[in-house]
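Working notes, structure below.
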Amino acid sequence: MVSPEWLVMWRAVHWVCLGLAAIAALYLLLLHSLMFHRLKRRMADLLLGGIALADLSFVTLEACQQLMHTSYFARYWREKDGDQDGNQTTGEFALTLLGRFSFFMSLYWVANLSLLMRLGSFEAFHTKRSLLLSSLTSLIYGCMHAILPMSSDQNEHHFTLAYTVKVVLLFLMQTTPLLLILRNLRVVRRSRLNASTQGQHIHRRLAAYCVCATAFTLPYALVLILFHDLVGVGALAETLSYLVPIANALLFGTSLSYCCAMAPKETTLSTLEKVQVCNTPLSSIDISAGVLTDGSETPCNTGYIGMLTGGVYGIRDGLLAGDPLIEVEIEGPAIKIGEGSSAEVYKAQWVGITVALKCLRLQAGSSSEADLYMTHLAKLRTEFLDEALLAAQLRHPNITLFIKMGTYKGTLCLVNEYCARGSLRDVLRANPLMGWHTKVRLAFEAAKGLAFMHNRKPIYLHRDLKASNILVTVDWTAKIADFGIARIATNFTAKQRRMSQKCSMQSLQSLQSLDERIVTMDAAASELITTFAGTWRWNAPEIMKNPNECCFNRKTDIYSFGVALWEILTNGAIAFGNVQFDHQVRQLVASGERPLLPPAYIRHAPSEFIEVICACWHQEPEKRPSAQNVMLRLKSLSSMLSNGSESCTSSQDRTHYVMNESDYQAMDSNQSCPGL
Numbered sequence: 000m001v002s003p004e005w006l007v008m009w010r011a012v013h014w015v016c017l018g019l020a021a022i023a024a025l026y027l028l029l030l031h032s033l034m035f036h037r038l039k040r041r042m043a044d045l046l047l048g049g050i051a052l053a054d055l056s057f058v059t060l061e062a063c064q065q066l067m068h069t070s071y072f073a074r075y076w077r078e079k080d081g082d083q084d085g086n087q088t089t090g091e092f093a094l095t096l097l098g099r100f101s102f103f104m105s106l107y108w109v110a111n112l113s114l115l116m117r118l119g120s121f122e123a124f125h126t127k128r129s130l131l132l133s134s135l136t137s138l139i140y141g142c143m144h145a146i147l148p149m150s151s152d153q154n155e156h157h158f159t160l161a162y163t164v165k166v167v168l169l170f171l172m173q174t175t176p177l178l179l180i181l182r183n184l185r186v187v188r189r190s191r192l193n194a195s196t197q198g199q200h201i202h203r204r205l206a207a208y209c210v211c212a213t214a215f216t217l218p219y220a221l222v223l224i225l226f227h228d229l230v231g232v233g234a235l236a237e238t239l240s241y242l243v244p245i246a247n248a249l250l251f252g253t254s255l256s257y258c259c260a261m262a263p264k265e266t267t268l269s270t271l272e273k274v275q276v277c278n279t280p281l282s283s284i285d286i287s288a289g290v291l292t293d294g295s296e297t298p299c300n301t302g303y304i305g306m307l308t309g310g311v312y313g314i315r316d317g318l319l320a321g322d323p324l325i326e327v328e329i330e331g332p333a334i335k336i337g338e339g340s341s342a343e344v345y346k347a348q349w350v351g352i353t354v355a356l357k358c359l360r361l362q363a364g365s366s367s368e369a370d371l372y373m374t375h376l377a378k379l380r381t382e383f384l385d386e387a388l389l390a391a392q393l394r395h396p397n398i399t400l401f402i403k404m405g406t407y408k409g410t411l412c413l414v415n416e417y418c419a420r421g422s423l424r425d426v427l428r429a430n431p432l433m434g435w436h437t438k439v440r441l442a443f444e445a446a447k448g449l450a451f452m453h454n455r456k457p458i459y460l461h462r463d464l465k466a467s468n469i470l471v472t473v474d475w476t477a478k479i480a481d482f483g484i485a486r487i488a489t490n491f492t493a494k495q496r497r498m499s500q501k502c503s504m505q506s507l508q509s510l511q512s513l514d515e516r517i518v519t520m521d522a523a524a525s526e527l528i529t530t531f532a533g534t535w536r537w538n539a540p541e542i543m544k545n546p547n548e549c550c551f552n553r554k555t556d557i558y559s560f561g562v563a564l565w566e567i568l569t570n571g572a573i574a575f576g577n578v579q580f581d582h583q584v585r586q587l588v589a590s591g592e593r594p595l596l597p598p599a600y601i602r603h604a605p606s607e608f609i610e611v612i613c614a615c616w617h618q619e620p621e622k623r624p625s626a627q628n629v630m631l632r633l634k635s636l637s638s639m640l641s642n643g644s645e646s647c648t649s650s651q652d653r654t655h656y657v658m659n660e661s662d663y664q665a666m667d668s669n670q671s672c673p674g675l
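Read in order, the letters of the sequence shown correspond to residues 0 to 675 in numbering that gives the first Met the number 0.
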């Protein structure tokens, strides 16, 4: 039988595609292997390296099949020529099995990459289990592919039942990873990661992979089902599958790793964050929205990875040593809108947007007090910089946006988002008839911001939560503010490292004991032992009992939030307003007393709201709810009130609440994909 001319020409195309695929797979393998070993050992680089290795193995084995004339093209061409009886040899079986094993491994691990992006946690990914499952599934896929010729040998022109069942199962197995990728991308699209430019970049690349994989691999699967005896169609479809490694190299061989590394550090961006300042002098150090630049103007991320490596504190030390900052050039006059013991706040126009300038309040001192004054100034400078560094880590719709740090009229200045309605306390006092649906919604939004702080790694503690430190924007959005005494939970890195070493020294007797150690590590890392901070009337009883060596943690923040909810209940009243001295408040709270719940306010308040208050300020810390729990309870109540169910506040009338994706965003600490 004489071969058609186009099939002879197609053989050259076949080999060109194989060569390009081998080069592309080798490039991707070398790139991500080097990045994995020389950089952060990111899980994404490991996955992409595994994908490249599988692609390279697949292409190499396919080339061997071509050389040995055992490929789809060659095998069925031999049958058409009548040169051989078409029986499959052991070598053909082994090559087909291993080749399709590698092909499916590549497909499966791209699905795992999308899963890691969705989970956002290396621990949640279960690497060993995923590797075992992918290997087993790929082996089954390869074996089924290898025995296909055996099922069709008895009848050359018609599909046997066994053959049909096998090819349909192969088709379903091949489409399953693609459907999983689409499902994971659908979840990621609604998550916090997709709000960032980098997250969208990753999303587009994985979506493009789905398109390429569908176009290049499914035709071959359809040929096996519908056009089994058409050699020309089969050869064309077989060649298309060699384009997958090339697509992988183009999609994942450039900047994906950098996108993945930065993605978990961003949340929904407002228009304020899109402002970029590009005219930084070489001698200056600029702290702007999430990026630190030194004299080389090389950005280093300000997420927790940067903090663990000391990059952020290196910049901090430089500022404390007296390095200059940029003067903030505002448009028009600055209007003073508030002041505290050490800072003044101004409303100003800066690069076309309204911002709040928080400036150090410097008071003149006599020459005899010069040393004391300079010591005080250095302390204020340190505290100011600590606030800037901490605020730079937090990006959430319900946390006030820190934009940059600079100077204004010679004093240190923080440029923050401007919240037009002022503090929540001011809003409550100015609107005594505010509806409960609005009050609960504002409380829910503040709880979302707190849940985000508490679920970051490392954990962020506010330590001074109260209604005056919750701001309200012009569109009635509540945002947690004032991180002057907020802190990262104690030596997160060092403490976890010590706990990890301790765990590794102990024998892992069971999976349950390992889980307990992980919980212990998380609990240990969430505490901050320090001296007293915050405001007396909002602090927890365990802090009141020993203010000189108190242990701040997430439960102390929850207590303070409970008092802030009490302020919402009472329209901005001061806790223990009938008690004159703070030391008396300390004794009352330590003994179990709480601010009074006035019957006049309780009468009109939803009972669930009162229950949340009482739960938050429980005397025993372990019985206080988590920030996520508070957030969900307030969300449920807010939904009921918004739907006109304000009168139905008894427990039997409550609607079952199911969390949606926006609620997961608040708990999404290093989601999506810290390992990427």
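Where a beta carbon is used, it is the ideal one built from N, C-alpha and C, also for glycine.
Status (buried if at least 16 other CB within 10 Å, exposed otherwise) for residue i
{"i": "A207", "result": "exposed"}
{"i": "K622", "result": "exposed"}
{"i": "N545", "result": "exposed"}
{"i": "A419", "result": "exposed"}
{"i": "W565", "result": "buried"}
{"i": "H436", "result": "buried"}
{"i": "M67", "result": "exposed"}
{"i": "E541", "result": "buried"}
{"i": "D556", "result": "buried"}
{"i": "F98", "result": "Looking at the sequence provided, one finds Gly at residue 98 rather than Phe. Buried, because 16 or more other Cβ atoms sit within 10 Å of the Cβ of G98."}
{"i": "L432", "result": "exposed"}
{"i": "L94", "result": "buried"}
{"i": "G18", "result": "exposed"}
From the options, residue whose alpha carbon lies closest to that of residue i
{"i": "A703", "options": "A20, E386 and I612", "result": "Shown here, the chain extends from 0 to 675; a query on residue 703 therefore has no answer."}
{"i": "S641", "options": "V439, Q392, E619 and R632", "result": "V439"}
{"i": "H395", "options": "G331, I334, T476 and K408", "result": "T476"}
{"i": "P244", "options": "E343, T59 and P148", "result": "T59"}
{"i": "L184", "options": "I201, F170, T175 and Q173", "result": "I201"}
{"i": "L411", "options": "C358, F560 and V588", "result": "C358"}
{"i": "D44", "options": "D54, A51, L55 and H31", "result": "H31"}
{"i": "M452", "options": "M433, I402 and L393", "result": "L393"}
{"i": "P218", "options": "I224, A236 and L225", "result": "A236"}
Rounded Cβ spacing between residue i and residue j (contact assumed at less than 8 Å)
{"i": "P605", "j": "L636", "result": "6 Å"}
{"i": "C142", "j": "I180", "result": "At roughly 24 Å, the Cβ-Cβ gap does not stay under 8 Å, so C142 and I180 are not in contact."}
{"i": "G448", "j": "N415", "result": "Wrong, their Cβ atoms sit about 14 Å apart, outside the cutoff."}
{"i": "V354", "j": "L423", "result": "Between L423 and V354 the Cβ distance is about 20 Å, and since that is not below 8 Å, they are no contact."}
{"i": "S133", "j": "W108", "result": "6 Å"}
{"i": "A574", "j": "V562", "result": "5 Å"}
Pairwise C-alpha distance: residue j and residue i
{"i": "A387", "j": "C615", "result": "29 Å"}
{"i": "T345", "j": "I352", "result": "It should be pointed out that residue 345 corresponds to Tyr in this sequence rather than to Thr. The alpha-carbon atoms of Y345 and I352 are separated by roughly 14 Å."}
{"i": "I336", "j": "Q348", "result": "14 Å"}
{"i": "M639", "j": "C211", "result": "45 Å"}
{"i": "H461", "j": "S590", "result": "24 Å"}
{"i": "T163", "j": "L169", "result": "10 Å"}
{"i": "D425", "j": "S467", "result": "7 Å"}
{"i": "K456", "j": "A342", "result": "30 Å"}
{"i": "W537", "j": "S559", "result": "5 Å"}
{"i": "V15", "j": "A234", "result": "14 Å"}
{"i": "T399", "j": "L389", "result": "12 Å"}
Under the three-state DSSP convention, the category residue i falls into
{"i": "E328", "result": "coil"}
{"i": "E61", "result": "helix"}
{"i": "Q579", "result": "coil"}
{"i": "M404", "result": "strand"}
{"i": "L359", "result": "strand"}
{"i": "K456", "result": "coil"}
{"i": "T472", "result": "coil"}
{"i": "I398", "result": "strand"}
{"i": "K478", "result": "strand"}
{"i": "Y683", "result": "Nothing about residue 683 can be reported from this structure: the residues present for the chain run from 0 to 675 only."}
{"i": "A246", "result": "helix"}
{"i": "T569", "result": "coil"}
{"i": "T381", "result": "helix"}
{"i": "E621", "result": "helix"}
{"i": "E338", "result": "strand"}
{"i": "L411", "result": "strand"}
{"i": "I352", "result": "strand"}
Closer than 8 Å to chain B by CB, residue i
{"i": "D425", "result": "This model lacks chain B altogether; it includes just one protein chain."}
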